[in-house]
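Heads up, the thing below is written out as structure tokens.
Protein chains: 2
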Amino acid sequence: MAEREVDRSISQTVKAQLALRDQILSGSLRPGERISELQAVETTGASRTPVRMALVRLEEEGLLEAIPSGGFMVKAFSERDISDSIELRGTLEGLAARFAAERGVSARELEPLKECLAAIDELLRQVPISIEAFSSYVTLNARFHAVLTELSRSPPLIRQIDRASALPFASPSGFVMAQSALPEAQQILIIGQEHHRVVIDAIENREGARAEAIMREHARLAVRNLRLALRNRTHLDLLPALALIKTATD
Amino acid sequence: MAEREVDRSISQTVKAQLALRDQILSGSLRPGERISELQAVETTGASRTPVRMALVRLEEEGLLEAIPSGGFMVKAFSERDISDSIELRGTLEGLAARFAAERGVSARELEPLKECLAAIDELLRQVPISIEAFSSYVTLNARFHAVLTELSRSPPLIRQIDRASALPFASPSGFVMAQSALPEAQQILIIGQEHHRVVIDAIENREGARAEAIMREHARLAVRNLRLALRNRTHLDLLPALALIKTATD
DNA sequence: TGTATGCGTTATGTATACAATAGCGAAGGG
DNA sequence: CCCTTCGCTATTGTATACATAACGCATACA
Chain A
1 MAEREVDRSI SQTVKAQLAL RDQILSGSLR PGERISELQA VETTGASRTP
51 VRMALVRLEE EGLLEAIPSG GFMVKAFSER DISDSIELRG TLEGLAARFA
101 AERGVSAREL EPLKECLAAI DELLRQVPIS IEAFSSYVTL NARFHAVLTE
151 LSRSPPLIRQ IDRASALPFA SPSGFVMAQS ALPEAQQILI IGQEHHRVVI
201 DAIENREGAR AEAIMREHAR LAVRNLRLAL RNRTHLDLLP ALALIKTATD
Chain B
251 MAEREVDRSI SQTVKAQLAL RDQILSGSLR PGERISELQA VETTGASRTP
301 VRMALVRLEE EGLLEAIPSG GFMVKAFSER DISDSIELRG TLEGLAARFA
351 AERGVSAREL EPLKECLAAI DELLRQVPIS IEAFSSYVTL NARFHAVLTE
401 LSRSPPLIRQ IDRASALPFA SPSGFVMAQS ALPEAQQILI IGQEHHRVVI
451 DAIENREGAR AEAIMREHAR LAVRNLRLAL RNRTHLDLLP ALALIKTATD
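Chain order of the listed sequences is A and B.
Using the numbering used here, you'd call the opening residue of the first sequence number 1 and step up by one each time.
Using the numbering used here, you'd call the opening residue of the second sequence number 251 and step up by one each time.
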């Protein structure tokens with residue numbers, strides 16, 4: 001071992017994966033750009049083996065694309081890709097809600113969901129909402145969606161939803177942030193909260209079809225709003241999707 | 251390099267991945283069993299680096315599970331996992347069919363689908379169907395589903411469907427094989443063919459909701475039949491899922 | 001006899017050396 | 001002047017050596 005600095009607190013592979021993901025999402029690496037292993041070794045501080053493992057995982061995650069002749073490049077997404085990904089996740093979450101409703105959920109298990117709901121209600125009482133409250137909203141909303149997914153009790157479905165959320169713009173936090181750029185943001189959050197309320201009610205009453213339908217509607221609303229947000233490209237700095245959008249699409 | 255025999259025709263990583271997948275699906279490696287890298291090196295003929303890459307990919311594919319203390323084990327699936335995976339794929343294919351219908355598909359693009367349909371019709375004319383014809387059916391059916399998926403023109407969705415089909419029992423071929431174990435197999439194939447006919451018609455007439463509904467029904471039928479097939483465990487040798495089912499489930 | 005601790009072995013995580021290929025540039029011929 | 005070909009360089013693919021951590025066994029003490 002040479003004079004390489006080694007951080008032994010976490011696995012080198014995980015360290016490299018986090019560092020590379022960060023570079024991609026922050027825009028240091030541009031869409032379409034080839035990722036050089038050597039360069040990744042320098043920027044992440046890990047050696048080539050863990051870097052390669054990280055690259056494979058990021059490819060599976062959907063952030064990278066394998067180049068046929070070898071190596072990887074940062075994947076580029078069209079606006080259509082992004083809205084499809086959101087609708088896709090909505091469809092999956094709809095299935096999760098239906099499973100939860102049909103298979104039955106005890107009052108005890110529904111508790112965390114209701115807590116999220118109440119906490120968000122509290123936040124939305126502020127008009128206009130503060131930056132800090134909005135930030136809490138993002139966290140609570142992500143938690144709501146995660147808990148709902150878990151309630152499906154279906155490991156294959158949970159796994160698939162996690163993968164569908166790996167892309168930043170398709171994650172619950174991602175598109176909420178995008179929506180925040182719109183002037184009618186507050187109204188949008190309130191409508192979203194109504195969806196949350198309905199899905200809980202549908203699950204409680206074991207109405208699978210209704211639970212599924214509302215989650216899909218929830219996603220369709222998100223798609224419409226994301227489209228609008230991408231039109232007004234005002235203060236979109238918040239939007240982590242931006243770093244991944246194909247240049248010169250449309 | 252020692253006296254190791256190296257096959258230079260394909261990448262060592264791919265070779266190892268194929269070999270390991272084969273071992274898993276053939277049952278050489280049992281569910282829950284830990285995979286030793288050293289052993290994998292011996293059985294695949296590749297060295298540790300490509301073997302590790304293959305293991306990471308197989309984990310992402312869903313065939314392996316990472317062990318917290320290090321290494322990988324063969325993933326075990328419950329019967330519920332299997333039926334959920336099929337329903338999941340049906341839901342995704344439903345979305346694909348809806349996208350195809352809503353976005354519009356030219357007569358030219360629909361041609362391959364109709365060819366599959368006609369070819370399957372031809373096969374089903376035999377009563378009872380021969381083994382060779384059944385084998386052709388499996389291939390044609392897989393092709394039908396693959397083409398339909400492509401018609402969605404949605405790369406994120408296509409990607410997700412591919413991943414949902416990675417598990418052998420969730421692939422179109424897998425569950426058709428399972429159904430073949432049932433006494434009413436011929437009747438089931440005929441009903442499935444009706445679904446195929448309806449989805450084409452719905453896409454042609456741009457009826458998104460109908461196209462989606464029929465694909466979901468198609469999957470639900472498959473789930474019911476798979477459940478039945480797993481009850482009569484007669485000649486289930488055909489079923490590649492069997493190697494992955496948890497021992498002592500139910 | 002049972003439990004705990006320490007040592008040894010084995011397997012995984014990491015680093016690096018080596019091999020091969022693809023891409024690019026320069027030079028020569030048509 | 002353009003096209004083709006040869007060779008070099010840079011980057012990826014592969015192999016293996018080394019470091020480290022976990023598991024198991026044995027032994028000793030309670």
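All C-beta atoms, glycine included, are put in the ideal place defined by N, C-alpha and C.
Chain-order list of residues whose beta-carbon lies under 7 Å from that of residue i (same chain, five-residue window excluded)
i: B/Leu439; result: Leu374, Tyr387
i: A/Met1; result: Any answer about A/Met1 is weak, because its pLDDT of 34 lies below 50 and its placement is not dependable; what the coordinates show is given next. Result list for A/Met1: empty, nothing under 7 Å.
i: B/His468; result: Gly340, Gly442, His445
i: A/Arg21; result: Leu58, Leu63
i: A/Val6; result: Because the pLDDT at A/Val6 is just 47, under 50, the model does not fix this residue reliably, and the value given afterwards should be weighed accordingly. There are no such residues.
i: B/Gly458; result: Arg348, Ala351, Glu352
i: B/Arg298; result: Glu287, Val291
i: B/Val301; result: Ala266, Glu287, Ala290, Val291, Thr294
i: B/Leu279; result: Gln273, Ile285, Val324
i: B/Glu501; result: Look at the range of chain B in this structure, 251 to 500, and you will see that residue 501 of chain B is not part of it.
Sheet register partners of residue i (DSSP bridge)
i: B/Glu315; result: B/Met323
i: A/Glu35; result: Note that residue 35 of chain A corresponds to Ile in the displayed sequence, not to Glu. DSSP, once it has assigned bridges, lists A/Phe72 as partnering A/Ile35.
When the options are compared against residue i, the one with the closest alpha-carbon
i: B/Leu407; options: B/Arg339, B/Arg393, B/Lys265, B/Glu382; result: B/Arg339
i: B/Leu206; options: B/Gly277, B/Glu444, B/Ile453; result: No answer is possible for residue 206 of chain B: the residues shown for chain B start at 251 and end at 500.
i: A/Arg253; options: A/Arg197, A/Ile203, A/Val198, A/Gly192; result: The structure shown has nothing for residue 253 of chain A, since chain A only spans 1 to 250.
i: B/Leu417; options: B/Ser385, B/His468, B/Asp334; result: B/Asp334
i: B/Ile332; options: B/Ser415, B/Arg393, B/Gln267; result: B/Ser415
i: B/Glu343; options: B/Gln376, B/Thr399, B/Ala316, B/Ala383; result: B/Thr399
i: A/Phe169; options: A/Glu184, A/Thr13, A/Arg227; result: A/Arg227
i: B/Gly282; options: B/Val264, B/Val324, B/Thr263; result: B/Val324
i: A/Val127; options: A/Phe144, A/Glu184, A/Ala146, A/Met177; result: A/Glu184
i: B/Phe394; options: B/Arg403, B/Leu279, B/Val449, B/Ser261; result: B/Val449
i: B/Val397; options: B/Met427, B/Glu382, B/Ala326, B/Ile453; result: B/Ile453
i: A/Met261; options: A/Val14, A/Glu122, A/Arg210, A/Glu132; result: The structure shown does not extend to residue 261 of chain A, since chain A is modelled only from 1 through 250, so no value can be given for it.
Own chain partners of residue i with C-beta closer than 8 Å, once the 5 adjacent residues on each side are dropped
i: A/Gly71; result: Arg34, Ile35, Ser36, Glu37
i: A/Gly104; result: Arg206
i: B/Asp500; result: Residue placement at B/Asp500 cannot be trusted, given a pLDDT of 32 that sits under 50; what the coordinates show is reported in the next sentence. Correct list, in chain order: Glu329.
i: B/Arg403; result: Phe349, Ala350, Arg353
i: A/Arg197; result: Leu117
Sub-8 Å separation of residue i and residue j beta-carbons
i: A/Met215; j: A/Ala54; result: no
i: A/Glu212; j: A/Leu140; result: no
i: B/Ile370; j: B/Gln436; result: no
i: A/Phe134; j: A/Ser69; result: no
i: A/Ala66; j: A/Ala46; result: no
i: B/Leu432; j: B/Ala392; result: no
Cβ-based neighbour list, residue i, same chain, cut-off 6 Å, excluding 5 preceding and 5 following
i: A/Ser26; result: none
i: B/Ala269; result: Thr294
i: B/Ile411; result: Leu342, Thr399
i: B/Leu401; result: Ala350, Val355
i: A/Ala248; result: Legend: pLDDT at A/Ala248 = 43, less than 50; position of this residue unreliable, no value from coordinates given.
i: B/Gln262; result: Ala296, Pro300
i: B/Val264; result: none
i: A/Gly210; result: Looking at the sequence shown, residue 210 of chain A is not Gly but Arg. Once the five neighbours on either side are set aside, the close Cβ partners of A/Arg210 are Ala202.
**Prompt:** On the three-pair Cβ rule with 8 Å, is the stretch 155-171 of chain A touching the stretch 331-351 of chain B?
**Reply:** yes
**Request:** Check whether the stretch 46-61 of chain A touches the stretch 107-125 of chain A, counting contact only when three or more Cβ pairs, one atom from each stretch, lie closer than 8 Å.
**Result:** no
**Asked** Pairing CB atoms from the stretch 416-428 of chain B with CB atoms from the stretch 363-372 of chain B, are three or more of them under 8 Å?
**Response** They do not touch, by the three-pair rule.
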